[in-house]
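Asker: Numbering (this note's numbering), first residue to last: 212 to 596. Even glycine gets a Cβ: it sits at the ideal position worked out from N, Cα and C. Just so you know, these numbers come straight off a predicted model, no measurement behind them.
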């Protein structure tokens, strides 16, 4: 009798085990079907994923070969693709009683296309990406990491066709939803680096507060030794002149408090050559009037160049709001003259802009608005002489 009960219990356990194994084996396929269905809900874009791996023991799942395409079929390049995307619980945040997720992207690629028509172009601006992200990750994302990413821009209709790229992009953003319960104003941090075409590096660092309605951040950006000749086809198409040689250095510090910004940009062009007979007339066949215009641009550039450093540079103050950025032309011109005839501007960061500067600018803007509202509300007979 006891042996019969034990055999029955063993059979029940075996059936349960088989069911659990079957469920576990079918979960990746069910998840793959669900994710592909979600990616197909986009209005302008559709997508698909390859294998789906579930790692239940650490609360994670990963997607291989993620591809998002424009529905029209007239764009050759996918809008987004990644070799691997992983979503997982951020276990370190559990100690702070926060249930949040982290996202890891391996070799992501983002492609923008100017195809001459709306159907042949893609920018991704008309899609509800937040809705799709919420369907894929029901938890708030507190940590976001990119490894070996790239951003591309294409214009297949240009002559020659344009393809410029930022590559080797590595980035990490932490504490995006304040899982560490920090009390300071700028709670999240971001660090990023990348390379431009065949020559040039870029770095970005900063802090921000994603919870504010208007952008609140403090960022530093530095670009070094960017070879402009690698962007020649882009400049030929979108700029009124082309550069035959030269490199770019750029230092940018920008802070924003609730959308009110403060900062500066320092572009430094070294060893610039705007016009050359061999490059513009013989090879590019620019034509008489364009060649004259570029020769004149080259003369002006040479006139305002710091001869000892062989550079053109200025310092551009940035203020106002994100919707109405102010960059004074007069101050910019004065900066060009100072670089040319007084002292060469260095293309490194000054570390002179902080979030407090933007906060002060925001307070002054609010005071001005209150004063203007008070003046408008005064009766006509109460003006002071």
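(1) Could you tell me the distance, in whole angstroms, from the CA atom of residue 548 to the CA atom of residue 377?
(2) May I have a chain-ordered list of the beta strand (DSSP E) segments no shorter than 3 residues that lie completely inside the region 312-388?
(3) May I ask you to list the residues that DSSP assigns as paired with residue 249?
(4) Would you tell me roughly how many angstroms separate the C-alpha atoms of residue 387 and residue 401, rounded to the nearest one?
(5) Using DSSP bridges, identify the partner residues of residue 288.
(6) What do you reckon, is the C-beta of residue 447 under 7 Å from a heavy atom of the ligand MG?
(7) Mind checking whether residue 279 and residue 261 have CB atoms under 8 Å apart?
(8) Do you know offhand how far residue 293's Cα is from residue 239's?
(9) Go through its chain and collect everything with a Cβ distance to residue 420's Cβ below 8 Å, but skip five positions before and after it.
(10) From residue 365 to residue 542, what does the alpha carbon distance come to, in whole angstroms?
(11) Please list, in chain order, all residues of the same chain as residue 546 whose beta carbon is under 6 Å from its beta carbon, the five residues on each side excluded.
(12) Using only CA atoms, which one of 424, 379, 384 lies nearest to residue 412?
(13) Given this structure, state the Cα-to-Cα distance separating residue 471 from residue 422, to the nearest angstrom.
(14) What does the alpha-carbon distance come out to for the pair residue 326 and residue 373?
(15) Rounded to whole angstroms, how far is the Cβ of residue 256 from the Cβ of residue 281, which I believe are closer than 8 Å?
(16) For residue 330, which residues from the same chain have a beta carbon less than 6 Å from its beta carbon, with the 5 sequence-adjacent residues on both sides left out?
Answerer: According to the structure data:
(1) 32 Å
(2) 312-317, 320-324, 352-366, 373-385
(3) The partner list for residue 249 (beta bridge, DSSP) is empty, contrary to what the question assumes.
(4) 9 Å
(5) In the DSSP output, where bridge partners are listed per residue, residue 288 has none listed.
(6) As far as ligands go, the structure on display features none, and thus does not contain the ligand MG.
(7) no
(8) 19 Å
(9) 396, 397, 398, 399, 427, 428
(10) 35 Å
(11) 525, 526
(12) 379
(13) 16 Å
(14) 11 Å
(15) 6 Å
(16) 283, 285
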